[in-house]
Amino acid sequence: MQDQELETTISLIKPVDKLVTCTGINADFCGELIKISENTAEVVYTTSSIMLSDDKAIHSGFIFGSAAYAALCAINKKNSIIISSETKFLAPIELGHEILFKATALQNGFKKCEVKVEGFLLDIKVFEGMFYIAIFDKKLFKLKFQGEEDGK
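Numbering (the numbering used here), first residue to last: 114 to 265.
Right, here's the structure in full:
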């Protein structure tokens, strides 16, 4: 009985609940995190009309943003920042397409990480990239603007 209750409780935990980075991300623009485990993440990105650049073509910035989100989720550490990337857009993405991004950390556990991200439309690879991520001990830019109080 306890095993069944534990399985039910575990099934209620959504992948986004395990996330410690990108906690304020808007899934409408970057996709929905559907799977996360140590050094891997999967994000489903569904296009919408606000992402159009021409006729039915989706602007590549939205595609890159979703892949970058998947990369950061694979690392899943606070104060992580993408410092470089090498990306290839292998096919145009159109309105209504749903892309599955699979991210895998190739090098993790250091202050710099490498994450490979591949994007698939059905079984066709439409994106591939390598993201280089730096991890800092504390928030990199902790700026105070005029009129801000401590603790906010």
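Think of the CB as a built atom: it goes at the ideal place given N, C-alpha and C, for glycine as much as any other residue.
Contact between the stretch 148–155 and the stretch 199–209 is not established, with fewer than three Cβ pairs separated by less than 8 angstroms. In the assembly as shown, asparagine 139 is an exposed residue. Its beta-carbon has fewer than 16 other beta-carbons within 10 Å. Note that the stretch 223–235 does not touch the stretch 166–174; fewer than 3 beta-carbon pairs, one per stretch, sit closer than 8 angstroms. Here the stretch 228–246 lies against the stretch 181–198, with 3 or more beta-carbon pairs under 8 angstroms apart.
Looking at the backbone, the Cα of leucine 208 and that of tyrosine 182 are separated by about 20 angstroms. By the Cβ-count criterion, isoleucine 188 is buried, with 16 or more other Cβ atoms from all chains shown falling within 10 Å of its own Cβ. Per DSSP, isoleucine 138 lies in no alpha helix (DSSP H) and is assigned neither H nor E.
Burial state of glycine 137 is exposed, judged by a 10 Å Cβ sphere holding fewer than 16 other Cβ atoms.
Leucine 219 is classed as exposed because its beta carbon has fewer than 16 other beta carbons within 10 Å across all chains shown.
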